[in-house]
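First comes the structure, then the notes that go with it.
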Amino acid sequence: MKSTLVQQDSDKLADVVVRGMQEKKGLDIVVMNLKELKNAVSDYFIICSASSDTQIDAIARSVEEEVEKLTGQSPWQTEGRMNREWVLLDYVDVVVHVFLRDRRQFYALEELWGDAEIQHIEEETVFSSLK
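Take the sequence shown: its position 21, counting from 1, is numbered 76 in this note's numbering, and each next residue is one higher.
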């Protein structure tokens, strides 16, 4: 089990990621809390859809900018920018997925981690895991 401070940091990071997605009108935002799962690779998976490859890039850049501005962190690793169907931003404790809609359905991450606590973010809702 991770320390409370690390958990709070991942909670705050998750909040910032959602704000970055909302800033560029990310669609169907889902926050998957993986903290209680035994073999989870991170604390959170945060997933959203985009309607075009241009929007995928805009959302990913918005997330990176918000996280950098508010936490000083950069992604440990990024994937998918070249194929423009799915971008992954890995912040270690929080993993961000921005998909084209059909790619999201194909990979079905929400089903893969079906035991996770899943929160669907409403369009106008500001996510806060610290409530």
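Glycine included, each C-beta is placed from N, C-alpha and C at the ideal position.
Using beta-carbon positions only, say whether G244 and E120 come within less than 8 angstroms of one another. In the structure as shown, the chain starts at 56 and stops at 186, and residue 244 therefore has no counterpart that could be examined.
According to DSSP, what are the bridge partners of V151? Residue numbering aside, residue 151 sits at position 96 when the sequence shown is read from its first letter. Partner(s): I101 and L144.
What is the DSSP secondary structure of D157, reduced to helix, strand or coil? Along the sequence shown, one-based indexing puts residue 157 at 102. Note: D157 maps to helix in three-state DSSP.
Reference I111, options F100, L144 and V96, closest by Cα: Translated into positions along the sequence shown, residue 111 becomes position 56. Comparing Cα positions, the closest option is L144.
With DSSP collapsed to three states, give me the class of L60. Sequence index remark: in the sequence shown, residue 60 carries index 5 (1-based). Its pLDDT being 40, under 50, L60 is placed unreliably by the model, and the measurement read from it follows with that caveat. Of the three classes helix, strand and coil, the one that applies to L60 here is helix, per DSSP.
Which residue marks the beginning of the alpha helix (DSSP H) containing I114, and which one marks its end? Indexing the sequence shown from 1 puts residue 114 at position 59. Taken as a continuous stretch (DSSP letters only), the alpha helix (DSSP H) holding I114 covers D108 to T126.
According to the neighbour-count rule (16 or more other Cβ atoms, all chains shown, within 10 Å of its Cβ), is G81 buried or exposed? Translated into positions along the sequence shown, residue 81 becomes position 26. That one is buried.
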